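Structure first, then comments.
2 protein chains.
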Amino acid sequence: MVRTRTRLTREQRRAQLIDLGVQVVGRSSFDDVSIDDVAAAAGISRSLLFHYFPTRRDFLVAVAEASAEELLAATDTDPSLRPGERLRQGLERYLDYVGSRREAYLSLVRGATGGDPALQEVFDRTRQRNAERVLEGLGFAWASAPPLVRLAVRSWVAFVEEASVSWLAGDGEVARDDVVTLAEQALSDLLERTADLTVP
Amino acid sequence: MVRTRTRLTREQRRAQLIDLGVQVVGRSSFDDVSIDDVAAAAGISRSLLFHYFPTRRDFLVAVAEASAEELLAATDTDPSLRPGERLRQGLERYLDYVGSRREAYLSLVRGATGGDPALQEVFDRTRQRNAERVLEGLGFAWASAPPLVRLAVRSWVAFVEEASVSWLAGDGEVARDDVVTLAEQALSDLLERTADLTVP
Numbered sequence: 001m002v003r004t005r006t007r008l009t010r011e012q013r014r015a016q017l018i019d020l021g022v023q024v025v026g027r028s029s030f031d032d033v034s035i036d037d038v039a040a041a042a043g044i045s046r047s048l049l050f051h052y053f054p055t056r057r058d059f060l061v062a063v064a065e066a067s068a069e070e071l072l073a074a075t076d077t078d079p080s081l082r083p084g085e086r087l088r089q090g091l092e093r094y095l096d097y098v099g100s101r102r103e104a105y106l107s108l109v110r111g112a113t114g115g116d117p118a119l120q121e122v123f124d125r126t127r128q129r130n131a132e133r134v135l136e137g138l139g140f141a142w143a144s145a146p147p148l149v150r151l152a153v154r155s156w157v158a159f160v161e162e163a164s165v166s167w168l169a170g171d172g173e174v175a176r177d178d179v180v181t182l183a184e185q186a187l188s189d190l191l192e193r194t195a196d197l198t199v200p
Numbered sequence: 001m002v003r004t005r006t007r008l009t010r011e012q013r014r015a016q017l018i019d020l021g022v023q024v025v026g027r028s029s030f031d032d033v034s035i036d037d038v039a040a041a042a043g044i045s046r047s048l049l050f051h052y053f054p055t056r057r058d059f060l061v062a063v064a065e066a067s068a069e070e071l072l073a074a075t076d077t078d079p080s081l082r083p084g085e086r087l088r089q090g091l092e093r094y095l096d097y098v099g100s101r102r103e104a105y106l107s108l109v110r111g112a113t114g115g116d117p118a119l120q121e122v123f124d125r126t127r128q129r130n131a132e133r134v135l136e137g138l139g140f141a142w143a144s145a146p147p148l149v150r151l152a153v154r155s156w157v158a159f160v161e162e163a164s165v166s167w168l169a170g171d172g173e174v175a176r177d178d179v180v181t182l183a184e185q186a187l188s189d190l191l192e193r194t195a196d197l198t199v200p
């Protein structure tokens, strides 16, 4: 019997390994990603995995970046909607993502990314990109926003993160739509307080 | 020459080691606490330190708990003030603490506590205690507050955490008092939105 083994390019192999890593993180957390399990699932040896990612940390950073991209892609919004509707759609998608990818989300936002500065940086960058996207989605340029507005929007993203975690932990105690409305109102109040801006 | 060595009780020795740990964390982060440095500073051997704290993790959890107590004590407020004034005093003290204990604060709130579930629990408990204290300081009982109000206040604590971190990172770009006012207004708006409550 002849078994056909697929020969992957270097980039395809890296992508496959990252994808498996994202799946493992989705079931557990960054700390629990077992390099051996990922290698076994890919049908390669542990040492070959380390050929693609020199250290466990390199691999985890690549997985964290892929998770962050997944979150950002899943919560992207329809630019043809009115700004206020876009904000609501973004929040709905955010909570739906959090609900469906519970563990991956918790491990990304709850410090389960470890004390590792490289993972922390992925997390910070994701929070920052979310803040910029939200403000720009409402039609306000990030770069020209006053420092206090930027601080307020970034802090509001942290607010939404904790609201999502609390919502998950409450197990149905609070309705998804109430969390969406709360977050929507909070942002609208913050913009009004910091810059007299009204969500269009 | 006779050197007098102070003989400490077990509890005194533990407290001394924790205190040294808090100082080391204050200068760097949880991840960087060197057991050897702490033992050397206390004038004891590494193995004797492990006699008081069986593992590095046990020691770090004790240090994190002491840091959290320090934060809570430093931000306690005068109960004779009116509720709204107490909130403002608490926020001022919070930002002053954050400013003076920069590294310790960052390492406690920025996931630098690592993927360790025991450290994560200390962090969660601190956020929760802050939320309860703030709501009760305003004269509203935590236990009888609607789930959405509790979620909003916990999320607001996360908002204040990120606002503090952004304020520190901005290096004077935003005034401390503007952050205090923003946080104050945000909580007042949230309570009004979730429960028609007015900050007294």
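In order, the protein sequence lines correspond to chains A and B. Just so we're aligned, residue 1 is where the first sequence starts under the working numbering, counting upward by one. Just so we're aligned, residue 1 is where the second sequence starts under the working numbering, counting upward by one. Don't be surprised by glycine CBs; every beta carbon is placed ideally from N, CA and C. Remember, predicted model here, so these are calculated numbers, not experimental data.
Is residue 70 (chain A) helix, strand or coil by DSSP? helix
Burial state of residue 143 (chain B) (16 or more Cβ within 10 Å): exposed
Exposure of residue 193 (chain B), with buried meaning 16 or more beta-carbon neighbours within 10 Å: buried
Taking the beta carbon of residue 163 (chain A) as the centre, do at least 16 other beta carbons fall within 10 Å, making it buried, or is it exposed? buried
Chain-ordered chain B contacts of residue 142 (chain A) [CB-CB under 9 Å]: Here the premise fails: no neighbours, minimum Cβ distance about 14 Å.
Which one of A:168, A:15 and A:160 has the shortest CA to CA distance from residue 88 (chain A)? A:160
Classify residue 169 (chain B): buried if its beta carbon has 16 or more other beta carbons within 10 angstroms, exposed otherwise. exposed
Spell out whether any CB of chain B is found under 8 Å from the CB atom of residue 151 (chain A). yes
Which whole-angstrom value describes the C-beta separation of residue 101 (chain A) and residue 21 (chain A), a residue pair presumed to lie in contact below a C-beta threshold of 8 Å? Contact doesn't hold; Cβ gap of about 14 Å is too wide.
Tell me which residues share the same chain as residue 152 (chain B) and place their Cβ nearer than 6 Å to its Cβ, disregarding the 5 neighbours each side in the sequence. 190 and 194
Between which residues of its own chain and residue 66 (chain B) is the CB-CB distance below 8 Å, once the five residues before and five after are set aside? 18, 19, 21 and 22
Assuming residue 188 (chain A) contacts residue 180 (chain A) (C-beta within less than 8 Å), just tell me the rounded distance between them. With 8 Å as the limit, residue 188 (chain A) and residue 180 (chain A) do not qualify as a contact, their Cβ atoms being about 13 Å apart.
When you check each C-beta in the stretch 119-138 of chain A against every C-beta of chain B, which residues fall closer than 7 Å? 120 and 123
What does residue 194 (chain A) reach in chain B if we use C-beta pairs closer than 7 Å? 182
Note down, in chain order, every chain B residue with its Cβ under 8 Å from the Cβ of residue 170 (chain A). 147 and 151
Proximity of residue 165 (chain B) and residue 148 (chain A) at Cβ, strictly below 8 Å: no
Presumed contact (8 Å Cβ cut-off) between residue 60 (chain B) and residue 97 (chain B), rounded CB distance: Between residue 97 (chain B) and residue 60 (chain B) the Cβ distance is about 21 Å, and since that is not below 8 Å, they are no contact.
Report the neighbours of residue 154 (chain A) on chain B: residues whose CB is nearer than 7 Å to its CB, in chain order. 162 and 166
Interface residues of the stretch 58-74 of chain A facing chain B [CB-CB below 8 Å]: none
Classify residue 48 (chain B) as buried or exposed, calling it buried when 16 or more other Cβ atoms lie within 10 Å of its own Cβ. exposed
Are any of the Cβ atoms in chain A nearer than 8 Å to that of residue 159 (chain B)? yes
Do you know how far the Cα of residue 186 (chain B) is from the Cα of residue 63 (chain A)? 35 Å
Within 8 Å (strictly less), CB to CB, does residue 100 (chain B) reach chain A? no
Please report whether the beta-carbon of residue 18 (chain A) lies at a distance below 8 Å from any beta-carbon of chain B. no
Quick check: what's the CA-CA separation for residue 177 (chain A) versus residue 73 (chain B)? 37 Å
Should residue 127 (chain B) go down as buried or exposed, given a rule of 16 or more other Cβ atoms within 10 Å for buried? buried
Determine the contact status of residue 157 (chain A) and residue 141 (chain A), defining contact as a CB-CB distance below 8 Å. no
Is it the case that the Cβ atoms of residue 30 (chain B) and residue 155 (chain B) are separated by a distance below 8 Å? no
Just curious, the alpha helix (DSSP H) that residue 126 (chain A) is in, first and last residue? 117-137
First and last residue of the uninterrupted alpha helix (DSSP H) at residue 18 (chain A): 10-27
Interface residues of chain A around residue 185 (chain B) at Cβ under 7 Å? 193
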